[in-house]
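Heads up, the thing below is written out as structure tokens.
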Amino acid sequence: MTAERYYDLLKSTADGIAPDVTEIEALLSPPDAECEQKLFDTALALKREIFGNLVNLRGLIEFSNICTCDCLYCGIRKSNTHIRRYRMSDDEIVYCAKLAADFGYGAVVLQSGERSDREFTDRVTRLLGKIAQLPAPPAVTLSCGEQSLEVFKEWVAAGAKRYLLRIESATEEIFRRIHPEVTTFANRKAALLRIREAGFQTGTGVMIGLPGQTLHHLARDIEFFREMDIDMIGMGPFLPQKDTPMGNAPDDKETVARRFSWALRMIAVTRLVLKDVNIASTTALQTIDPENGRERGLLAGANVIMPNVGDISYRKDYQLYNGKPSLDENGSQIREKLLASLRKIGEEPRWDVSGDPPHFTRRTKA
Ligand code: SF4
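Counting with numbering that gives the first Met the number 0, you get residues 0 to 365 for the letters of the sequence shown.
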């Protein structure tokens with residue numbers, strides 16, 4: 000595609016003409032560096048038109064790394080014997096939620112490995128009740144894997160607002176390859192529909208740069224977000240974790256640079272296609288580029304950051320991939336660095352707000 004044609008497609012998409020999947024793939028394939036920069040600038044302009052120069056913050060609490068699944072890429076998969084399994088106590092979790100609220104984050108993400116036994120699901124319900132009783136309770140996003148409709152509804156009734164369940168790849172063949180004997184693509188998709196039915200703001204996302212994945216597959220991922228009418232997106236580059244079956248995937252400089260660049264393009268094109276959804280600039284970007292990764296995600300159109308507020312003593316045992324940043328920084332240190340990095344790029348935190356995606360408000364009022 001020529002640069003001229005690329006600019007035309009960029010403009011028509013930004014103006015609201017929905018691209019088909021072939022055009023989405025073309026948007027993900029800028030013909031030169033200038034076109035790529037124009038893609039990021041256009042997505043940032045749209046993000047600022049919708050959200051201003053403001054960024055929503057969610058304090059991340061990785062409350063347990065116990066998981067019943069064996070996803071091939073994941074550092075806390077059940078077969079990995081190289082980590083210490085933990086579950087934070089209720090008091091520790093509520094303390095972290097309060098800390099996030101005191102920091103002005105307005106929202107927290109409670110993330111864990113997947114368990115669907117009653118002891119676990121009841122515990123999450125109880126925790127939600129305790130968090131709701133804080134003087135200024137933060138909005139809660141849950142990310143605890145596939146659950147039944149009954150459990151999702153119970154968690155909504157207990158006060159959770161959002162749920163994040165990544166599809167990882169909307170191409171069934173890739174999904175199957177990285178989740179053998181874990182779950183099926185149909186099950187994962189059905190779980191997303193249950194999340195929506197239960198009343199959650201619904202979030203999903205994908206890994207970018209998986210072995211064998213092309214820009215065509217990624218275009219189909221964006222098409223999937225659109226078809227599923229998703230409210231929130233969290234996606235990042237694939238980073239091999241050494242103690243997993245995918246730990247030997249290519250990790251040379253060129254491959255990593257391509258994954259990083261594709262991840263930024265995915266953020267930008269997703270912003271242009273879906274417009275008023277929340278999009279996170281994820282830790283995986285920061286892992287590849289510790290100085291500027293997270294900032295570059297925001298400059299490509301993301302509007303959410305999830306600073307860790309969990310206890311340092313647990314963090315090294317929640318490494319989904321190698322090289323996770325900020326392992327030895329406490330919540331205050333992470334907050335200070337975050338504020339400085341936002342200032343550097345002309346963005347500001349939105350203090351003390353839940354930060355709902357306008358897309359959710361629009362679809363539920365329609
Ligand atoms: S990706 Fe989630 S469900 Fe899969 S092994 Fe990791 S924590 Fe468990």
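From the three backbone atoms N, C-alpha and C, an ideal C-beta is built for every residue, glycine too.
All of these numbers come straight from a predicted model, not from anything done at the bench.
Considered as a whole, the segment 10-42 harbours 20-26 as its complete alpha helix (DSSP H) runs of no fewer than 4 residues, in chain order. Here DSSP, grouped into helix, strand and coil, assigns V155 to helix.
In the DSSP assignment, Q200 falls within the unbroken beta strand (DSSP E) covering Q200 to T203.
Non-local beta-carbon contacts of G292 in its own chain, meaning distances under 6 Å to residues more than five positions away in sequence, involve L284 and Q285 in chain order. Counting of Cβ neighbours within 10 angstroms places D310 among the buried residues, the total reaching 16 or more. Contact between the segment 198-206 and the segment 241-252 is absent: fewer than 3 CB-CB pairs across the two stretches fall below 8 Å. Ranked by Cα distance from G246, the options A44, G74 and L26 are led by G74. If you compare the alpha carbons of L297, H358 and L133 with that of G345, the shortest gap goes to L297.
P210 has its alpha-carbon roughly 20 Å from the corresponding atom of F223.
In the three-state reduction of the DSSP assignment, E61 falls in the strand class. In the displayed model, L164 falls within coil according to three-state DSSP, outside both helix and strand.
Minimum Cα-Cα distance from W350 among the listed residues A2, A42, A99 and I49 corresponds to A99. Remark: C-beta atoms of C66 and G144 approach each other more closely than 9 Å.
Below 8 Å, too few C-beta pairs join the segment 235-244 and the segment 0-18 to call them touching: fewer than three. Contact annotation: R270 and A42 have beta-carbon atoms nearer than 9 Å. In terms of Cα proximity to W261, the closest of K336, P289 and A25 is A25. With fewer than 16 other Cβ atoms from the protein chains shown falling within 10 Å of its own Cβ, A32 counts as exposed.
Put simply, the backbone Cα of T1 is about 43 Å away from that of R193.
In the displayed model, M265 falls within a helix according to three-state DSSP.
For the pair R4 and E328, the Cα-to-Cα distance works out to about 46 Å.
Apart from the 5 residues on each side of it in sequence, Y162 sits with its Cβ closer than 6 Å to the Cβ of L141, I194 and F199 in its chain, given in chain order.
Within the segment 195-283, complete alpha helix (DSSP H) segments of at least 4 residues are found at 214-226 and 252-273, given in chain order. In its chain, beyond the 5 residues on either side, V123, T124, L127 and L141 have a beta carbon closer than 7 Å to the beta carbon of W154. DSSP, reduced to helix, strand and coil, places L53 within a strand of the structure shown. Between the alpha carbons of P179 and Q212 lies a gap of roughly 17 Å.
DSSP places S111 in the strand class (E or B) of the three-state scheme. When DSSP reads this structure, A96 sits in no beta bridge, so it has no partner. Around the beta-carbon of D220, 16 or more other beta-carbon atoms lie within 10 Å, marking it buried. Shown here, N307 sits in a strand according to DSSP, grouped into three states.
Closest by C-alpha distance to L59, out of G330, H358 and F359, is G330. Around Y85, the same chain offers S63, N64, Y313 and D316 as residues with beta carbons nearer than 7 Å, after the five sequence neighbours per side are excluded.
If you check the CB distance, P348 and L53 come in under 9 Å. Taking 9 Å as the cut-off, the Cβ atoms of I232 and C70 do not count as close.
Among the bridge pairs identified by DSSP, T140 is matched with V108 and R161. With 16 or more other Cβ atoms inside 10 Å of its own Cβ, S280 counts as buried.
A residue is called buried once 16 or more other Cβ atoms fall within 10 Å of its Cβ, and P136 is buried on that count.
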